[in-house]
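Just so you know, the sequence shown maps onto residues 9 to 90 in this note's numbering. A virtual CB, placed ideally from N, CA and C, is assigned to each residue, including glycine.
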Amino acid sequence: MVTCPECDAEVEVDETDAEIGDEVSCSECGQTLVVSSVDPLELDFASDDDEEDEDDDDLEDEDDEDLEDEDDEEDGADWEDE
Numbered sequence: 009m010v011t012c013p014e015c016d017a018e019v020e021v022d023e024t025d026a027e028i029g030d031e032v033s034c035s036e037c038g039q040t041l042v043v044s045s046v047d048p049l050e051l052d053f054a055s056d057d058d059e060e061d062e063d064d065d066d067l068e069d070e071d072d073e074d075l076e077d078e079d080d081e082e083d084g085a086d087w088e089d090e
């Protein structure tokens, strides 16, 4: 048996079949965990890659909007010169 790093509850993992990267959930707190080592068996927090990717996309969208605003300002300056 291994313990949840979030709440220290025992988490059932089939030690004979566990592979690094396998995901399990803690029945006490619901935390998603990943097998980080098989000898000895250890669990770690699962990464939130999906959420991080979404956050990165949001930042890229904001950067694109800023660039569009700058382009609009430059275009307006061209009209004034003519």
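Item                                                                                                                                                 : Value
Would you kindly report the start and end of the unbroken beta strand (DSSP E) that includes Glu50?                                                  : Leu49 to Phe53
For Glu31, write down the residues that DSSP places opposite it in a beta bridge.                                                                    : Val42
May I have the straight-line CA-CA distance separating Met9 from Asp56, to the nearest angstrom?                                                     : 25 Å
Quick one: residues in its chain with C-beta nearer than 6 Å to the C-beta of Glu27, no 5 flanking neighbours on either side, listed in chain order? : none
Would you list the residues sitting across from Glu18 in a DSSP beta bridge?                                                                         : Thr11
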